[in-house]
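**Q** My questions all concern the structure below.
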Amino acid sequence: MYLKKKKTLILIKTLKICLTSFFFFFLSFQNLKAQDDKLIEKRIIKLNTINKIKVNYNSLVLQQIRKFEKRKSFPKTMGLAEFYFPLFKAKLDQYGLPEELKYLTVVESNLKSKATSRVGAQGLWQFMRPTGRQFGLYENNKVSLFNDPVASTDAACRYLKYLYKELKNWELALAAYNCGIGRVKKILKKTGKKSFWQIINYLPKETQLYVPSFLAVQYLMNFYKEHKIKPYTFAVAFREVEIIKAKRNIYIDKIHFLNQRDKRIFIFLNPHIKTGVIPEGTYYYKKRIPLSRR
395 MYLKKKKTLI LIKTLKICLT SFFFFFLSFQ NLKAQDDKLI EKRIIKLNTI NKIKVNYNSL
455 VLQQIRKFEK RKSFPKTMGL AEFYFPLFKA KLDQYGLPEE LKYLTVVESN LKSKATSRVG
515 AQGLWQFMRP TGRQFGLYEN NKVSLFNDPV ASTDAACRYL KYLYKELKNW ELALAAYNCG
575 IGRVKKILKK TGKKSFWQII NYLPKETQLY VPSFLAVQYL MNFYKEHKIK PYTFAVAFRE
635 VEIIKAKRNI YIDKIHFLNQ RDKRIFIFLN PHIKTGVIPE GTYYYKKRIP LSRR
């Protein structure tokens with residue numbers, strides 16, 4: 395009986411030690427997390443001194459920062475960003491739009507030029523067909539401008555400019571990009587509210603996280619080093635790409651490529667070409683060949 399009682403006391407004592415250790419570990423973890431959140435807040439304040447679309451520091455944005463920093467594909471996405479962002483910046487500058495809008499493509503397509511959503515949105519900017527056609531995109535059995543990086547970016551800039559002109563607020567314009575301007579206007583009129591954060595609970599669930607995701611990506615793209623994210627190195631830079639208009643039908647298999655790697659790059663550069671033929675009059679993209687290799 396004595397031995398049984400002694401074992402019970404030892405068990406209780408061990409359990410108390412384990413619970414105490416866990417409690418102190420939990421407190422330590424919470425303190426580290428609070429310190430990390432404070433650092434993120436300071437970085438956001440710094441970022442907001444130079445950007446036009448301000449990052450709102452709140453729990454939803456923090457949640458999305460944690461989500462994107464843990465995404466295994468994020469380093470690869472950053473490598474693709476190194477290629478695509480100069481194109482996006484040039485187009486955004488052309489239309490007088492904030493450079494930060496380039497981060498929208500990370501949320502929309504993860505920078506996959508052939509991305510197609512479950513509801514049929516296509517390309518880097520994930521245009522639905524009716525909206526894309528409204529802004530000059532088209533598709534046939536040979537070519538899809540929805541997947542053309544230059545054409546779709548130009549259309550996205552014009553669409554975003556229109557949304558901002560109508561709503562006078564970038565967070566609302568981004569919400570409208572996701573769920574439609576009609577729905578956003580209806581909610582604003584019904585509630586009498588004037589900002590995204592005031593109407594967030596009236597928006598579809600996807601849109602409620604859409605703007606925080608955009609703001610989180612904007613933050614991470616500027617402070618990826620602090621989060622120990624190492625971007626992939628991409629095979630080609632956009633400045634090395636030339637835009638050519640096909641003067642006749644061009645058969646891709648008959649193009650002379652120096653090696654298979656160059657052919658893969660050519661196919662990557664032309665996601666809008668649906669078959670092995672580039673139709674006459676179609677713009678296509680090709681990496682410039684250095685003089686030393688000609």
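Following my numbering, the numbering of the sequence shown begins with 395 at its first residue and continues without gaps.
All C-beta atoms, glycine included, are put in the ideal place defined by N, C-alpha and C.
(1) With distance defined between alpha-carbon atoms, name the residue in Phe529, Val544, Leu663, Pro543 nearest to Leu557.
(2) What's the gap between the Cα of Ser467 and the Cα of Pro625?
(3) Do you know offhand how far Leu421's Cα is from Ala428's?
(4) So if DSSP puts Thr510 in a beta bridge, which residue, or which two residues, is it bridged to?
(5) For a quick check, are the C-beta atoms of Gln612 and Tyr497 less than 9 Å apart?
(6) Gly517 and Arg523 look like a contact to me (Cβ under 8 Å); what is the Cβ gap, rounded to whole Å?
(7) On a CA-only basis, which of Tyr604, Gln592, Ser546, Thr585 is nearest Gly574? Give me that one, please.
(8) Where Glu476 and Asn664 are concerned, what is the direct C-alpha to C-alpha distance, given to the nearest angstrom?
(9) Looking at Trp564: is its Cβ nearer than 9 Å to the Cβ of Asn450?
(10) Would DSSP call Ile444 helix, strand or coil?
(11) Terminal residues of the continuous alpha helix (DSSP H) containing Val578?
(12) To the nearest angstrom, report how far apart Ile447 and Leu561 are at their CA atoms.
(13) How would you call Ile434, buried or exposed, if buried means at least 16 neighbouring beta carbons within 10 angstroms?
(14) Alpha carbon to alpha carbon, how far is Ile672 from Asp430? Give it in angstroms, no decimals.
(15) Please identify the residue among Asp656, Asn653, Leu609, Gln654 whose C-alpha is closest to the C-alpha of Val455.
(16) Is the distance from the Cβ of Leu554 to the Cβ of Ala567 below 9 Å?
(17) Distance, Cα to Cα, Glu620 vs Thr443?
(18) Applying the 10 Å Cβ sphere with the 16-neighbour rule, what's the burial state of Tyr532?
(19) Express the C-alpha separation of Asn452 and Phe655 in angstroms, rounding to a whole number.
(20) When burial is assigned at 16 or more other CB atoms within 10 Å of the CB, is Tyr645 buried or exposed?
(21) For Leu614, which of Phe660, Ser503, Gly675, Ile459 has the nearest alpha-carbon?
(22) Just mark His650 as buried or exposed, buried being the case when its beta carbon has 16 or more other beta carbons within 10 Å.
**A** If we stick to the structure as given:
(1) Here residue 557 refers to the residue found at position 163 when the sequence shown is read from its first residue. Comparing Cα-Cα distances from Leu557 to each of Phe529, Val544, Leu663, Pro543, the minimum goes to Phe529.
(2) Locating residue 467 in the sequence shown gives position 73, counting from the first residue. Locating residue 625 in the sequence shown gives position 231, counting from the first residue. Taking the straight line joining both Cα atoms gives about 10 Å.
(3) The count along the sequence shown starts at 1 and reaches residue 421 at position 27. The count along the sequence shown starts at 1 and reaches residue 428 at position 34. For Leu421, the predicted structure reports a pLDDT of 39, less than 50, and the residue's modelled location is therefore unreliable. The matter cannot be settled from this model.
(4) What you label residue 510 is simply residue 116 of the sequence shown in a count that begins at 1. For Thr510, which the question treats as bridged, DSSP gives the partners Gln516.
(5) Numbered from 1 along the sequence shown, position 218 holds the residue referred to as residue 612. Numbered from 1 along the sequence shown, position 103 holds the residue referred to as residue 497. Cβ atoms of Gln612 and Tyr497: closer than 9 Å.
(6) For the purposes of this step, residue 517 is identified with residue 123 of the sequence shown, where counting begins at 1. For the purposes of this step, residue 523 is identified with residue 129 of the sequence shown, where counting begins at 1. With a Cβ gap of about 11 Å, Gly517 and Arg523 do not count as contacting.
(7) As a first step, residue 574 must be located in the sequence shown, where it is residue number 180. When each option's Cα is compared against that of Gly574, the closest is Tyr604.
(8) In the sequence shown, counting from the first residue as 1, residue 476 sits at position 82. In the sequence shown, counting from the first residue as 1, residue 664 sits at position 270. Using only the alpha carbons, I get a separation of about 17 Å.
(9) If you number the sequence shown from 1, residue 564 lands on position 170. If you number the sequence shown from 1, residue 450 lands on position 56. No; because the gap between Cβ atoms is not below 9 Å, this pair is not in contact.
(10) In the sequence shown, residue 444 corresponds to position 50, counting from 1. Of the three classes helix, strand and coil, the one that applies to Ile444 here is coil, per DSSP.
(11) As a working mapping, residue 578 is identified with position 184 in the sequence shown. Here the alpha helix (DSSP H) through Val578 covers 575-585.
(12) Translated into the one-based positions of the sequence shown, residue 447 becomes position 53. Translated into the one-based positions of the sequence shown, residue 561 becomes position 167. Taking the straight line from one Cα to the other gives about 14 Å.
(13) Position 40 of the sequence shown, counted from the start, is the residue given in the question as residue 434. Ile434 should be labelled buried.
(14) Indexing the sequence shown from 1 puts residue 430 at position 36. Indexing the sequence shown from 1 puts residue 672 at position 278. Their Cα atoms are separated by approximately 51 Å.
(15) For the purposes of this step, residue 455 is identified with residue 61 of the sequence shown, where counting begins at 1. It is Leu609 whose Cα lies nearest to the Cα of Val455.
(16) Translated into the one-based positions of the sequence shown, residue 554 becomes position 160. Translated into the one-based positions of the sequence shown, residue 567 becomes position 173. Their beta carbons are under 9 Å apart, which means Leu554 touches Ala567 by this criterion.
(17) As a working mapping, residue 620 is identified with position 226 in the sequence shown. As a working mapping, residue 443 is identified with position 49 in the sequence shown. Distance between the alpha carbons of Glu620 and Thr443: 19 Å.
(18) As a position in the sequence shown, residue 532 is number 138, starting the count at 1. Its Cβ having fewer than 16 others within 10 Å, Tyr532 is exposed.
(19) In the sequence shown, counting from the first residue as 1, residue 655 sits at position 261. In the sequence shown, counting from the first residue as 1, residue 452 sits at position 58. Note that residue 655 corresponds to Arg in the displayed sequence, not to Phe. When rounded, the distance between both Cα atoms is 45 Å.
(20) Counting from one through the sequence shown, the residue named residue 645 turns up at place 251. Looking at its Cβ environment, which holds fewer than 16 other Cβ atoms inside 10 Å, Tyr645 is exposed.
(21) What you label residue 614 is simply residue 220 of the sequence shown in a count that begins at 1. Out of Phe660, Ser503, Gly675, Ile459, Ile459 has the C-alpha closest to the C-alpha of Leu614.
(22) Sequence index remark: in the sequence shown, residue 650 carries index 256 (1-based). That one is exposed.
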